Amino acid sequence: MLGQLLLGMLGLLALPGLFATFGLKVVYLILAAIMLCCLPLVSAFPPRFQPLSVFRQQPSTALWRQALAVLAVLTFYISLSAVWTFIGTIGSAAGLSPTQVGLVLAAATVCGIIGAGGAALRGTRRADRLPVWLGYGLLIVSVGLLIGQPLLVRYAIAALLFKFTWTFVLPFILARVAGLDNSGRLMNSINLVIGGGMAAGPALAGALLQHFASADPLLAAAGVCALLSLILIVAASAAGKA
Numbered sequence: 005m006l007g008q009l010l011l012g013m014l015g016l017l018a019l020p021g022l023f024a025t026f027g028l029k030v031v032y033l034i035l036a037a038i039m040l041c042c043l044p045l046v047s048a049f050p051p052r053f054q055p056l057s058v059f060r061q062q063p064s065t066a067l068w069r070q071a072l073a074v075l076a077v078l079t080f081y082i083s084l085s086a087v088w089t090f091i092g093t094i095g096s097a098a099g100l101s102p103t104q105v106g107l108v109l110a111a112a113t114v115c116g117i118i119g120a121g122g123a124a125l126r127g128t129r130r131a132d133r134l135p136v137w138l139g140y141g142l143l144i145v146s147v148g149l150l151i152g153q154p155l156l157v158r159y160a161i162a163a164l165l166f167k168f169t170w171t172f173v174l175p176f177i178l179a180r181v182a183g184l185d186n187s188g189r190l191m192n193s194i195n196l197v198i199g200g201g202m203a204a205g206p207a208l209a210g211a212l213l214q215h216f217a218s219a220d221p222l223l224a225a226a227g228v229c230a231l232l233s234l235i236l237i238v239a240a241s242a243a244g245k246a
């Protein structure tokens, strides 16, 4: 997550100038170059899934708990993608200028890097509940702050807090999902679930924006999805780790 955000920040800094000079094709050339640079690293991956040793193996997790974990990730991504896709629209509807919205979102990217760095420093090996509860709680608060056409200060606080908590809590969510996976199949399916959530969130949010005069119903639905995700991941977690 931290590397992804840092690469995104470098892209935001470098791409506008490159667009002006070389056009849109520069994006695909850069992506191709990055993939070529990654090719030598493929050999570092193990050739196949390596199960835990006999002494470290745990009893296989019940399917219903794995299903709850998958639904937790799905609802989490529906919530965050629904809000983040239209967060600029929410600011514009509140009367903020494009410059103000752009500055806030640029600062939010920095907060996202800080959140991911904080999660990396804390680590996911300690089986405590504080990061998950704190992350979800602040995420729901940030969504609530966007309700009611916020002015600049409240909008900025909400956007910065949303981006920070999103990148902070996600590693702990995925760590809990990984703790339920004894075969590697569950984590393999998570990328598909994440893609589904990222696609479904904006689609559902767009439908709500078309049917209602304000973004408040969208934000309420996103808050409910985030709360539902918290309930699901806690229910799915191993006994004593919820």
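Using this note's numbering, the first residue of the sequence shown is number 5, and each one after it goes up by one.
Think of the CB as a built atom: it goes at the ideal place given N, C-alpha and C, for glycine as much as any other residue.
Quantities reported herein were computed from a predicted structural model and do not represent experimental measurements.
Nearest to A76 by CA position, among A217, I118, L174, is which residue?
L174
Does DSSP put R180 in a helix, in a strand, or in coil?
helix
Since C115 contacts L164 with CB under 8 Å, what's their CB separation in whole angstroms?
5 Å
List, from N- to C-terminal side, the alpha helix (DSSP H) runs of 4 residues or more that fit wholly inside the segment 152–225.
156–183, 189–215
Could you give the residue range of the alpha helix (DSSP H) that holds S146?
134–149
Tell me whether the segment 204–222 and the segment 135–149 touch, counting them as touching only if at least three CB pairs, one residue from each stretch, are closer than 8 Å.
no
Run of the alpha helix (DSSP H) containing F90, from where it starts to where it stops
From DSSP, F90 is part of no alpha helix (DSSP H); its letter is neither H nor E.
Please report the distance separating the alpha-carbon of F59 from that of R126.
Because F59 sits at a pLDDT of 43, beneath the cut-off of 50, its placement in the model cannot be relied upon, and the following sentence gives the value as read from the coordinates. For F59 and R126, the distance between alpha carbons rounds to 27 Å.
Measure from the alpha carbon of A239 to the alpha carbon of each residue in N192, A66, L45, then state which is nearest.
A66
Are the CB atoms of T169 and G92 nearer to each other than 8 Å?
no
V46 - containing alpha helix (DSSP H), residue span:
Neither: V46 is in no alpha helix (DSSP H) and is coded neither H nor E.
Tell me which residues share the same chain as G152 and place their Cβ nearer than 8 Å to its Cβ, disregarding the 5 neighbours each side in the sequence.
D220
Do the segment 102–113 and the segment 193–213 meet, that is, are 3 or more Cβ pairs less than 8 Å apart?
no
Length of the line joining the Cα atoms of A71 and R189
12 Å
Ends of the alpha helix (DSSP H) at T103?
102–126
Grab me the residues of S241's own chain with a C-beta within less than 7 Å of its C-beta, minus the 5 sequence neighbours each way, in chain order.
R180
What does the Cβ neighbour count give for Y159, buried or exposed, with the cut at 16 atoms within 10 Å?
buried
L40 in three-state terms, based on DSSP
helix
Using beta-carbon positions only, say whether Y81 and I198 come within less than 8 Å of one another.
yes
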